[in-house]
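Going by UniProt numbering, 213 is the number at position 213 of the sequence shown; the sequence numbering is gapless.
Just so you know, even glycine gets a beta-carbon here, dropped at the ideal spot from N, CA and C.
As the structure is a prediction and not an experimental result, all values here were calculated from the model.
The structure appears right after this line, and notes come after that.
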Amino acid sequence: MFLPCSVTSVVPVWIMMAQLQQGGPDEKEKTTALKDLLSRIDLDELMKKDEPPLEFPDTLEGFEYIFNEKGQLRHIKTGEPFVFNYREDLHRWNQKRYEALGEIITKYVYELLQTECHLKKVTLPVDATESEPKSFIFMSEDALTNPDKLLVLIHGNGVVRAGQWARRLIINEDLDSGTQIPYIKKAIEEGYGVIVLNPNENYIEVEKTKAQVQLSSDSSDEPAEKRERKDKIQKETKKRRDFYEKYRNPQKEKETMQMYIRDNGSPEEHAIYVWDHFISQSAAENVFFVAHSYGGLAFVELMIQREAEVKNKVTAVALTDSVHNVWHQEVGKSIREWMRENCCNWVSSSEPLDTSVESMLPDCPRVSAGTERHELTSWKSFPSIFKFFSEAVEARNSAVKPTPMRRSNRIKYEEL
């Protein structure tokens, strides 16, 4: 196995320690000293010695990748899928390269939402000033005026942004499985208005100035004595790092601060804000949600905060491997009963698609998404979800609730 020279330079110290441990008390004392020396060496920092600059292209073409006609990311010259380990001995550099590509993918999906799906970008907050941090969502032209149906899409937590289910799927599989575009196109074909939430766009990052860095350290509420001790430790740490500077070539990453977006500082806040300013004011008689992973938790929080409104306006909710928890979120009995009748959670499972899956939680029914991979649940359950929505509309019109799956566990829920 190949090791960077920065690491191989430390190996003799390890070997010496092993030899000394076999000797007497004097040797053991020397071993202790060597251990102390090693503890002062930041191996992560040393690994940066041979690391190339963290400078990456800002376009797909710059990375020499493109999406083919099947929506698969392929190398322009070789036609091969994306390779994470571009440099096998530099995991940190490879990760930064992957993240840089991911940011390009995010912008690419935004473009597709506007060009292929014909959605418009709407700035949040709705009354934002020119200077304050802003977010945005996407919606169809008829999202607020469609009198019949409205589909609302909420992705999970993490690096994904509006229009995505999973970045990993977009890069390693294809656009259909990793983005919300199939849902959007299907919804528009079937006469739905569409709103695409952006619950992870909670803040912007700005580079700290030296004055801001100093201010943040001086403005601590800690007692003066404790702060002095901490400052002393920090100075000693900096001194050691400076000592080892000549042995490494670290990539200097900028120190940033987060400026949160008003009323949209978390996925839960974002969902409530979009409900208050858009969804609740829409003309649609039937509103439907598809919420993946943490998006399910955000929807349940929305129900807790706007229970009467949601019950009045929402016809059905499709969750995909939702991480909500009715106990931890302290969901009341009336909401749990509504969820049992109007929600269904397609979960990761080895069982065939739509097979009933047992649950210990007394909330909505759970059925298999036909896959054991969490990130694939939205894509694999895609046809079943639209069927569920159609049945929900028919049931609402006939005043009979839909039965999207076998309700063998209904009795167990009611007993709980």
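On the DSSP bridge list, what partners appear for residue i?
| i | result |
| --- | --- |
| Lys121 | Phe138 |
| Gln258 | Glu205 |
| Tyr192 | Lys149 |
| Leu319 | Ala291 and Asn345 |
| Val314 | Val287 |
| Ile154 | Ala291 |
| Val367 | Trp346 and Ser356 |
| Gln164 | Thr179 |
Measuring only the C-alpha atoms, how far is residue i from residue j?
| i | j | result |
| --- | --- | --- |
| Ser384 | Asp354 | 7 Å |
| Ala298 | Ser381 | 20 Å |
| Met257 | Tyr203 | 10 Å |
| Arg248 | Pro53 | Because the pLDDT of Arg248 is 39, which lies under 50, any placement of that residue in the model is unreliable, and the number read from its coordinates should be weighed accordingly. Their backbone Cα atoms lie some 13 Å apart in a straight line. |
| Ile66 | Val196 | 25 Å |
| Asn94 | Phe84 | 6 Å |
| Leu319 | Phe278 | 21 Å |
| Cys344 | Ile105 | 30 Å |
| Asn397 | Ile188 | 21 Å |
| Ser266 | Arg74 | 34 Å |
| Ala291 | Glu225 | 49 Å |
| Pro81 | Asp176 | 16 Å |
| Glu190 | Tyr183 | 11 Å |
| Ser334 | His155 | 26 Å |
| Ser131 | Val274 | 21 Å |
| Glu285 | His91 | 51 Å |
| Thr377 | Lys387 | 16 Å |
Check whether the Cβ atoms of residue i and residue j sit closer than 8 Å, and answer yes or no.
| i | j | result |
| --- | --- | --- |
| Met259 | Pro125 | no |
| Trp338 | Val367 | no |
| Val326 | Asp363 | yes |
| His374 | Ser350 | no |
| Asn157 | Ser293 | yes |
| Lys77 | Glu64 | yes |
| Lys149 | Phe288 | yes |
| Gly163 | Ile137 | no |
| Ala369 | Thr315 | no |
| Tyr192 | Leu153 | no |
Using a Cβ cut-off of 8 Å (strictly closer), state whether residue i contacts chain B.
| i | result |
| --- | --- |
| Glu285 | You won't find chain B in this structure, because it holds only one protein chain. |
Exercise. Please list the segments of the alpha helix (DSSP H) lying wholly inside the segment 58-92, counting only runs of 4 or more residues, in order along the chain.
Key: 60-63
Quiz item: Pairing CB atoms from the segment 168-182 with CB atoms from the segment 139-147, are three or more of them under 8 Å?
Solution: no
Quiz item: If we count Cβ pairs, one from each stretch, closer than 8 Å, do we get three or more for the segment 86-104 versus the segment 56-65?
Solution: yes
Quiz prompt | Contact the segment 108-118 vs the segment 68-77: 3+ CB pairs below 8 Å | solution = no
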